[in-house]
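This report concerns only the one structure given below.
Protein chains: 2
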Amino acid sequence: MEALLDRLRARGMRITPQRRAIADVLVGEHVHLSAEDVLARARVALPELSQATVYATLTELVALGEVCEITTGDGPRRFDPNVGSSHHHLVCRSCGAIRDVEPSGVSRLHVADDQLAGYQLERADITFRGLCPDCAAAPS
Amino acid sequence: MEALLDRLRARGMRITPQRRAIADVLVGEHVHLSAEDVLARARVALPELSQATVYATLTELVALGEVCEITTGDGPRRFDPNVGSSHHHLVCRSCGAIRDVEPSGVSRLHVADDQLAGYQLERADITFRGLCPDCAAAPS
DNA sequence: GTATATGCAAAGCATTTGCATTAAA
DNA sequence: TTTAATGCAAATGCTTTGCATATAC
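Chains Y and U supply the protein sequences, listed in that same order. If you're matching positions, the first sequence starts at 3 in this note's numbering and goes up one per residue. If you're matching positions, the second sequence starts at 3 in this note's numbering and goes up one per residue.
So, in structure tokens, the structure goes:
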């Protein structure tokens, strides 16, 4: 429950009411919040929370690898706390909805060594794009 | 050579000096230009070209599928005219350099049907992240 | 001649920054 | 007490927009 805050404390970060409120919102699977979403939700518990603090905290959480960011290619970036499973994303090109795709459902990707030519690979971001069931049914 | 302009004409677009200058710059492989890059290069041939026209034209070219956009997750988006081969990208997290990865060097990706749940898939964007040879050698 | 494309400058949006104040440890 | 975190507001960077003018067809 307090896992994220514990890890932050362990890394020397101070636990403030602001960080607690933000951490409380960044929990669960299929959660893909914009910075604005995080602010709005965390403000329910802590109305005086500022946007700048949300951005600062999100930046740190991403740097620590506790949260990952998703760039939809349109609109603000989204933050995903589900870093445990290294899943991929399905993004609707019409409404922007994001759904997770479990890695187990995707064949493993392998890159030929000669393509890497000295690169030190860290990870692969895989984003599937198309129309979600709702948008496929009701074309714009 | 004039292939892109021909296709634009065929779709009813007017061929202006501006579009010619922009099209001349959007040629080749391993080309990943920002809007600013496109403006600067096209202005060599047509100094009075405006930024707004570059953005408008790039937006149309993307909509027509003649150019694809790459979101690096940092900095401005890049435009890639090499839509013929549906390649993937290797992005250096330190200097931002982008290199193409030929699909032939990557194992084919397959998504289990039950993961798609009504989604109408259009494409998969695959971005590998890590350090390029230069940045791996000289850590920041 | 007519509709489309252009250029300019202003607006827009997401995000970052500077800095004085506050508070966690 | 000390150093890090916060809030505010201004600044930044990229991109889009409104609108009058110019121009491809």
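Ideal Cβ placement from N, Cα and C applies to all residues, glycine included. Bear in mind the structure is a predicted one, so any value in this text is a computation, not a measurement.
Span of the beta strand (DSSP E), counted from its first residue to its last, around residue i
| i | result |
| --- | --- |
| residue 55/U | Per DSSP, residue 55/U belongs to no beta strand (DSSP E); it is in the alpha helix (DSSP H), 53-65. |
| residue 103/Y | 100-103 |
| residue 80/Y | 80-82 |
| residue 17/U | Note, residue 17/U: premise wrong, no beta strand (DSSP E); not H, not E. |
| residue 71/U | 70-72 |
Own chain residues within Cβ distance below 7 Å of residue i, not counting five before or after
| i | result |
| --- | --- |
| residue 34/Y | 72, 80, 82, 100 |
| residue 24/Y | 40, 44, 56, 59 |
| residue 137/U | 94, 96, 97 |
Residue range of the unbroken alpha helix (DSSP H) whose run includes residue i
| i | result |
| --- | --- |
| residue 95/U | Neither: residue 95/U is in no alpha helix (DSSP H) and is coded neither H nor E. |
| residue 39/U | 37-47 |
| residue 118/U | 115-118 |
Cβ-Cβ separation, residue j to residue i (assumed contact under 8 Å), whole Å
| i | j | result |
| --- | --- | --- |
| residue 1/Y | residue 10/Y | No answer is possible for residue 1/Y: it lies beyond the span of chain Y, which begins at 3 and ends at 142. |
| residue 49/Y | residue 120/U | At roughly 39 Å, the Cβ-Cβ gap does not stay under 8 Å, so residue 49/Y and residue 120/U are not in contact. |
| residue 62/U | residue 6/U | No, residue 62/U and residue 6/U are not in contact; Cβ-Cβ is about 12 Å, not under 8 Å. |
| residue 130/Y | residue 123/U | 6 Å |
| residue 102/Y | residue 32/Y | 5 Å |
| residue 156/U | residue 111/Y | Residue 156/U lies beyond the residue range present for chain U, which begins at 3 and ends at 142; the question has no answer from this structure. |
| residue 42/U | residue 78/U | 13 Å between Cβ atoms; not a contact. |
Below-9 Å beta-carbon distance, residue i vs any chain Y residue
| i | result |
| --- | --- |
| residue 61/U | no |
| residue 87/U | no |
| residue 52/U | no |
| residue 82/U | no |
| residue 103/U | yes |
| residue 37/U | no |
| residue 100/U | no |
| residue 132/U | yes |
| residue 138/U | yes |
| residue 120/U | yes |
Nonlocal neighbours in the same chain, by C-beta distance under 6 Å from residue i, ignoring five residues either side
| i | result |
| --- | --- |
| residue 20/Y | 51, 55 |
| residue 113/U | none |
| residue 70/Y | 82, 85 |
| residue 128/Y | 90 |
| residue 47/U | 23 |
| residue 64/Y | 71 |
Closer than 9 Å to chain U by CB, residue i
| i | result |
| --- | --- |
| residue 95/Y | yes |
| residue 40/Y | no |
| residue 135/Y | yes |
| residue 57/Y | no |
| residue 34/Y | no |
| residue 67/Y | no |
| residue 113/Y | yes |
Coarse secondary structure for residue i, derived from DSSP in three states
| i | result |
| --- | --- |
| residue 131/Y | strand |
| residue 24/U | helix |
| residue 123/U | strand |
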